[in-house]
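Chains as they are written, first to last, in the working numbering: chain S, 141 to 537; chain D, 672 to 1144; chain B, 726 to 1162. A short worksheet on the structure shown next.
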């Protein structure tokens, strides 16, 4: 094997003086009895290996060396497992210019000891990938969570227990430079909330004036909680690819139509702890049209200084938002509005759907009826007064 | 069980007419025989038998050519979902299935395997991307069942896209038109697709990484980039293939084909009836729909801040049932507009334009360019400055202007038209006018005037603006 | 090639005539290393047994391939001290790394001598391994010291002592040296001056150590720690051999079941939007520690997460020198499972004042803040949320808080596993002429 970690137990008399440089490397190279790869920490991969070594009574020198493997030498530790009370690590020596170290271990008697050696290994990367298949009604989906391991550490990992802190613990063999992908979890019937979000700050107010039809961002929102069949652990970041079930068209008369899928978009899932929501922005809808206008934009209570410059004023503004849903099914739309500074809502048409998000942002959560276009469209109006406006009002915090 | 790689198309027991034809065809594609053609090939992996029952017994699987292929092609991003089904013979226990490809852009992170029959007995344990080899993966599959299993393999590829285009033919008086829609599939993927079921997705899906870039990496993760795929094979070889495949098509080439359209989340899915062969480098254009006698209105817009002094002509119509449309949304695409000049239906080319995506029941405005035969001339007939106010230093602090505007409209065409004139104002303004108008918003006013053929009209308004300290809002 | 330290003893027969004798010398009887880590200095004391003649003796001491400060070498007779007298020490011309003592001895025979000098290239560092329980409310803490020998010389069978802490003496001298630096142009002179400074400091240190020491041999191998003046010294029991180029790491102490608290800090001006996690513990007797101060060093923290005590790596950090009874906060990085989300829910500008020119001269803002906290972990946590304000501000809240200083307020909230909480506060800030302080 090109890449090797070797463990040698040196027994017998300690060599002092100059011949301490020439270490006696010995004999039986015990194979690993167990390897555990722990991926809980995204910044570092921890490997713990267990070996059976034969100790003599008194002081033993155990030589641990590695070659072509990216081990962090300062992280190497050894713990005796079988007789922790009478096998003691006295000290560790680090020879110059070598990927090796030597433990001096004392043992109360001649015995076989199972030791666990742990170290941080770099080059063993992990990615999480998600694949989801939504039902045609987009109310639930099946989510598959994959663990993909890339082994660039320099050594083959044979029959290693892979632990990521959730899901099944796998026992896998990954060769150096191999990538291995395995299914960690599968959740069926995960509830999804589908919403369209129209943000007045980012989307054009008058689609008529745009060269292309305005697409309104479409998102699936899922919650990492028990009610959603999740909630057992934090959802790690990774790419989510969403598919939806489609009905295949029967090719021949009388033949049953099969089932297939179509891809409907992807997004990067951010780290989502338990009981938090994950919003996946996966595409755009062009079957919902939002036109926003300001039908009143007046200054009131104008106050001027001695130079007749306006130093303070209030405003009286009316916004009108016309929403058309051309689809044959109803859809949820969130309209996000931004008003800077100190303002008050005088009146609005959809008070029940209103929600203030923060000092300068509020939303209307609408459910648009199917085919509500033309004179069946939804119109939202709101009248606000901005107060004590000087021109330097904060819009964010 | 034979494991002959060069033949690669026998399946124990089952062989249909179609399979035999395909086998003849696939022989041309095998990488060992023919130099250039790309192919996705399933290689049989020969692994040693292990005697002891504790170790998994590893299977040799001989693979036939694809049973069937389905392409789902997207136009808003460079992505095509390919689905192929095959029949494989599994052994009980551990089976290793290797999938590799060359000269075609497949995203390795997108490849998926599914057993269509015996689904409960076949389970994928993991997928390995072997060290130092690109464009290859190996599924480790545990099967409780020994025998033939129908499997489906899906993956993303790049290089195939589709577009929509329209031909509009207006009648002489331009109040009705015929509208024909087409879809065109372009294949630059490097792979020939024969006998494929074609589906098109109308919609804006989001892709966070390019498929072509993921495909060029050859395997998942930030590993070494591989060189771009080999150059496209020569046309001559392809032409021969196309002719051969053409003979195999079951339907007559001239028969019109149905495109079935269905809603899919926020998108639409068009399924082209039957099967198609689209060799690499070729395009295929198919009719999508045809509507006769769609009512149209010639609609002219004038707005100085938008078009300057020009009057821009539009064909306005609605995608609804009353207009003989209204069955599906219209995907965005290029439009060629014509008009029948004479009774024997000679064409005049009206213009080349494009149409946005039009949902069901929405209004369409096909912009057709500047039309000099319809004129809008705004004239400022009077300008007054009045009501001047002074501050304590004797400087002017406020004043009011009053503008009188007169609009001359003239339709020099033989057809009825509708004019849409918009004016934008700012500050503390107000207008007074007899003409019918609409306050679009706090700063915009719209006048709409229908004009018959050869008609002239006039309208006027007075605009008052309060400046400086005269302004109250 | 190992360094060679040779000591040549030169004899003279007649006092007038220096007859030079070359005597083969035995190896060192014993070596003691006192390694000092905040300055690159190690005091080496070796004892040897030499045979003197009556009268003038010339003792040559030379070295090669090792970093000895020649001006620091000193000689002392341990036995027959009254009979042995150093007349002078000279550095022979055109020969490097050599000095020669001329010693007058009334006694003829074996004398045990001590030679002391400063070398550099040997350093030591402390490091710690913390193993937290699954619930992260307790940990085992193991301390180690690691000695690295890059001096060029092998040290065999040496007694090793480590000096912990910053020695004020040296600091002062170094400070003076730096002051002078700014005035002098002469680079060479400065170098010499700095070396001299170090030597003086070393000598003074050595004297102090020599004066203050009384060591006892113990049966179990241990590191004995004690305070001396401004600093601590660790004596590693027994003897060690550390060849040049090698390092050796030895356990310094272990403490089991040290109680720890999971302490999470949020402060936007300091950490941005992140919540930084700490293991908090105290170096006192109640916590199974409190025996000695803990020198600064790297820490690796693990957590047991299975019954067979498999590790999960929590993180790496460093700890400063910790005196006895002091609280320690081990910083372990960003924890994404504890969320602190402050939202400005309302903003009001009011009480606008104008000057006699009609311009705005003062106004007051009222902010209503809502802070959402969520613990998505399976263990109890304590959150420490700090907010910084400036200007003429005042805060009203129902939540419990502490005024850290004139511009900082602290909210401390304990949260159970999976618990969510919210608290609000109103901040009034008077601007311009409205401000009264």
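Beta carbons: idealized from backbone N, C-alpha and C, even for Gly.
| Asked | Found |
| --- | --- |
| Of the residues D:1108, D:773, D:1127 and D:1124, the one placed nearest residue 1118 of chain D, counting alpha carbons only | D:1108 |
| In DSSP terms, what residue 268 of chain S is bridged to | S:287 |
| Short Cβ contact (9 Å threshold) for residue 537 of chain S with residue 1091 of chain B | no |
| C-beta contact flag for residue 440 of chain S and residue 1144 of chain D at 9 Å | yes |
| Helix, strand or coil at residue 877 of chain B according to DSSP, with G and I counted as helix | coil |
| Where residue 967 of chain D falls: helix, strand or coil (DSSP) | coil |
| Residue-chain proximity (residue 316 of chain S, chain D), Cβ-Cβ < 9 Å | yes |
| Contacts of residue 205 of chain S in chain B (Cβ-Cβ under 7 Å) | Correct list: empty, because the minimum Cβ distance to chain B is about 14 Å. |
| Short Cβ contact (9 Å threshold) for residue 819 of chain D with residue 770 of chain D | no |
| Chain S contact for residue 1069 of chain B (CB, 9 Å cutoff) | yes |
| Residue 953 of chain D to residue 862 of chain D span [Cα, whole Å] | 11 Å |
| Proximity below 9 Å, CB of residue 1149 of chain B to CB of residue 1096 of chain B | yes |
| Residue 941 of chain D: first and last residue of the uninterrupted alpha helix (DSSP H) it sits in | Element bounds for residue 941 of chain D: not the alpha helix (DSSP H) but the beta strand (DSSP E), 938-943. |
| C-beta neighbour in chain B for residue 236 of chain S, strict 9 Å | yes |
| Short Cβ contact (9 Å threshold) for residue 875 of chain B with residue 850 of chain B | no |
| Residues that residue 848 of chain D bridges to, as DSSP identifies them | D:841 and D:965 |
| Residue 1007 of chain B beta carbon less than 9 Å from that of residue 1053 of chain B | yes |
| Three-state class that DSSP yields for residue 534 of chain S in the structure shown | coil |
| Per-residue burial, residue 528 of chain S [other beta carbons within 10 Å of its own, 16 or more giving buried] | buried |
| Neighbouring residues, chain S, relative to residue 798 of chain D (Cβ below 8 Å) | 320, 321 and 322 |
| Classification of residue 817 of chain B by the beta-carbon crowding that lies within 10 angstroms, buried from 16 upward | exposed |
| Through-space distance from residue 775 of chain B to residue 822 of chain B, alpha-carbon basis | 21 Å |
| Unbroken beta strand (DSSP E) run spanning residue 382 of chain S, endpoints | 378-387 |
| Where residue 1113 of chain D falls: helix, strand or coil (DSSP) | coil |
| Proximal chain B residues relative to residue 538 of chain S, where beta-carbon distance stays under 8 Å | The first residue shown for chain S is 141 and the last is 537, placing residue 538 of chain S beyond what the model contains. |
| Inter-residue Cα distance where the pair is residue 467 of chain S and residue 427 of chain S | 6 Å |
| Limits of the alpha helix (DSSP H) - the one that residue 883 of chain D falls within | 882-888 |
| Contact check, residue 1024 of chain D vs residue 1008 of chain D, beta carbons under 9 Å | yes |
| Inter-residue spacing [alpha-carbon to alpha-carbon] between residue 677 of chain D and residue 243 of chain S | For residue 677 of chain D, the predicted model reports a pLDDT of 24, less than 50, meaning its position is unreliable and no value from the coordinates is stated. |
| Residue-chain proximity (residue 800 of chain B, chain S), Cβ-Cβ < 9 Å | no |
| Proximal residues of chain B, C-beta to C-beta of residue 425 of chain S below 9 Å | Correct list: empty, because the minimum Cβ distance to chain B is about 29 Å. |
| Where residue 510 of chain S falls, given that 16 or more other Cβ within 10 Å makes a residue buried | exposed |
| Under the three-state DSSP convention, the category residue 780 of chain D falls into | helix |
| Nearest-angstrom Cα separation, counted from residue 1010 of chain D out to residue 1021 of chain D | 6 Å |
| DSSP state of residue 493 of chain S mapped onto helix, strand, coil | helix |
| Proximity test, Cβ basis, 9 Å: residue 261 of chain S and chain D | no |
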